[in-house]
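Chemist: Numbering (this note's numbering), first residue to last: 9 to 432. Would you mind keeping the following structure in view while I ask a few things?
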Amino acid sequence: MKRLFTLTICLLSLQVLQAETNTTNSAKSIKQINRVAKFNPDVVNADTTILPVLNQSLPLSTYGGLYKRRLDSIRKDIQLDYNEYVQAYIDLYMHNREEMGQVAGLTKYYFPIYEKAFREAGIPEEIKFLSIVESKLDPNAVSRVGATGLWQFMGTTAKTYGLNMDNYVDDRRDPIQSSYAAAAYLKDAYQEFGDWLLAIASYNCGKSNVERAVEKAGGVTDFWSIRQYLPVETRGYVPAFIAMNYVMHYFNKHNIVAQACNFSTRTDTVMVKRVVPLNSVAQALDVSLREITILNPSYRMAVVNGSAKTPRRLIIPQTAKDNYAALYAVLNGADAPVRPAAKPAAYAAVQYTPAKPERKIPTHHKVKRGETLASIADMFGCEVSDLKVWNHLKTNRAPIGAMLKVSAGEVAANVPDDEPYSKN
């Protein structure tokens, strides 16, 4: 009994100490807000106050008014509500300071592309922040289920919205093509639901899931009213989108600095009407192959497979005028010029090996450790469902060492130099 009493006293002492610590931390956090803002936190200026990531033990009422006013001040066509779900994502993003600094730097290149596509489609500009939630502005991002690119398109949806995928090209990785496809999807979803937050929710879980949630909620077309009926991931998807609007507008108020892009953001566009390896383009322009592949992520084999019938877009960094003559010579079939000082090999993210006169596209693939059906499908430009059908698989597991069929049939050899490869 004495031992039990002693233990009880110890536990109570710990609870009191913890309560005192929380109170002290809360008081320090409030003092910090007051010291930075120089007046009461309830009336701080939303545009000038610099805030740290706040103590989670503080109630929303302590600082929620500031976040709400800031969100209200950036509201455009989409209502950016503030609540505890949104605040949780703001805190999450703000803790990843280096990552958010990198993303903020990348927006200088990708956002003008998004804004043009959205403007032409007639959808709100602020939806551009959704791409950060999806991929952190990485055109080569691939999810565990095979969603790919800046806008994380699944293969079936990508094809529905005009994106091409074959052994040479994956338009899901193309910033321009995928942005127009994302804009088209979201516009269709808005026309169906009449609410942008529901359209955004459908981008994550599909229109059918939103339709069922609306039905369960009695026909109400409001995200917060149907949220409980949506898949778990989607319940946080819209708050994450709203939080990212806040973060990208006010990251500098949280002492996050936008980092410079590690590639050229001043670019030109040329149309290519023949098959041209990207390393020849890099040599002609006297830039690294890495630079060219970053600007042209959709070319899976580091080859622009253009033709007179279907010319392909090539994005190049702006360079000295003398280099353009060398580039156009390469695009017209000349060999790349030999430079006296080659770029270091470490810069080349992808190495290109010139194709032989006869080359066969693989129809089978041996599964290596760490590979998944999603990564294999992405590698060969097909769907996970295709791999399962062709190989009689009942699960999404890729058996290590198994030889999987990765094409519906034999693929023709002797691919002409002036025609793009097609699986059809």
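Where a beta carbon is used, it is the ideal one built from N, C-alpha and C, also for glycine. Predicted, not measured: the structure shown is a model, and the values here were computed from it.
1. If the criterion is Cβ atoms closer than 7 Å, does the pair residue 195 and residue 129 meet it?
2. Applying the 10 Å Cβ sphere with the 16-neighbour rule, what's the burial state of residue 260?
3. Determine the direct distance from the alpha carbon of residue 211 to that of residue 110, and round the result to whole angstroms.
4. According to DSSP, residue 285 sits in a beta bridge with which residue or residues?
5. Can you tell me which residues form a DSSP beta bridge with residue 325?
6. Put residue 396 into one of helix, strand or coil per three-state DSSP.
7. Are the segment 213-233 and the segment 71-81 touching, with three or more C-beta to C-beta distances below 8 Å?
8. Tell me the rounded alpha-carbon separation between residue 394 and residue 163.
9. With distances taken Cα to Cα, identify the nearest neighbour of residue 293 among 267, 239, 268, 325.
10. Please report the straight-line C-alpha distance between residue 184 and residue 307, rounded to a whole angstrom.
11. Would you mind reading off the limits of the beta strand (DSSP E) that contains residue 224?
12. If we call anything under 7 Å between Cβ atoms a contact, is residue 101 one with residue 265?
13. Going by beta carbon distance, what residues of the same chain come within less than 6 Å of residue 88, once the five residues before and after it are set aside?
14. Is it a yes or a no for the segment 310-324 touching the segment 169-185, going by three-plus beta-carbon pairs under 8 Å?
15. Quick check: what's the CA-CA separation for residue 149 versus residue 72?
16. Closest to residue 124 by CA distance: which of 175, 98, 189 is it?
17. Report the rounded CA-to-CA distance for residue 56 versus residue 193, giving the unit in angstroms.
18. If you count every other CB in all the chains shown that lies within 10 Å of the CB of residue 414, and 16 or more means buried, which is it?
19. When you compare each of 283, 404, 267, 405 to residue 116 by their alpha carbons, which one comes out closest?
20. Quick one: what does DSSP say residue 380 is sitting in, helix, strand or coil?
21. What does residue 320 pair with, by DSSP beta-bridge criteria?
22. For residue 156, count the other beta carbons within 10 Å of its own beta carbon; 16 or more makes it buried, fewer makes it exposed. Which is it?
23. Look at the alpha carbon of residue 191 and the alpha carbon of residue 126, and state the distance between them as a whole number of angstroms.
24. Given this structure, state the Cα-to-Cα distance separating residue 216 from residue 145, to the nearest angstrom.
25. Could you tell me which of 275, 180, 201, 167 sits nearest to residue 158, measuring between CA atoms?
26. Shortest alpha-carbon distance to residue 290 belongs to which of 338, 132, 178, 208?
27. Could you spell out where the alpha helix (DSSP H) holding residue 88 opens and where it closes?
28. Skipping 5 residues on each side, what residues in its chain have a beta carbon closer than 8 Å to that of residue 119?
29. DSSP three-state label for residue 256, please.
30. Within this structure, are the beta carbons of residue 239 and residue 213 separated by less than 7 Å?
31. Apart from the five residues just before and just after residue 392, which ones in its own chain have a Cβ nearer than 7 Å to its Cβ?
32. So what's residue 374 in DSSP terms, helix, strand or just coil?
33. Taking the alpha-carbon of residue 301 as reference, which of 314, 282, 271 has the nearest alpha-carbon?
34. As a quick exercise: from 379, 399, 257, 205, pick the residue whose alpha carbon is nearest that of residue 408.
35. Give the DSSP-derived three-state secondary structure of residue 335 in the structure shown.
36. Could you tell me the distance, in whole angstroms, from the CA atom of residue 173 to the CA atom of residue 388?
Modeler: The relevant details are as follows:
1. yes
2. exposed
3. 25 Å
4. 311
5. 275
6. helix
7. no
8. Rounded to the nearest angstrom, the two C-alpha atoms are 11 Å apart.
9. 325
10. Taking the straight line joining both Cα atoms gives about 13 Å.
11. Taken as a continuous stretch (DSSP letters only), residue 224 belongs to no beta strand (DSSP E), being part of the alpha helix (DSSP H) at 215-224.
12. no
13. 79, 250, 253
14. Three or more Cβ pairs drawn from the segment 310-324 and the segment 169-185 lie within less than 8 Å of each other, which places the two stretches in contact.
15. Computed Cα separation, rounded: 34 Å.
16. 189
17. Any reading at residue 56 needs caution, since the residue's pLDDT is 38, under 50, leaving its predicted position unreliable; the model's value is listed next. Whole-angstrom Cα-Cα distance: 37 Å.
18. buried
19. 267
20. coil
21. 280
22. buried
23. 6 Å
24. 27 Å
25. Comparing Cα-Cα distances from residue 158 to each of 275, 180, 201, 167, the minimum goes to 180.
26. 338
27. Careful: residue 88 lies outside any alpha helix (DSSP H) and carries neither H nor E.
28. Once the five neighbours on either side are set aside, the close Cβ partners of residue 119 are 136.
29. helix
30. Yes, the Cβ-Cβ distance between residue 239 and residue 213 is below 7 Å.
31. 154, 381, 382, 385, 404
32. strand
33. 271
34. The residue from 379, 399, 257, 205 with its alpha-carbon nearest to that of residue 408 is 379.
35. helix
36. 9 Å
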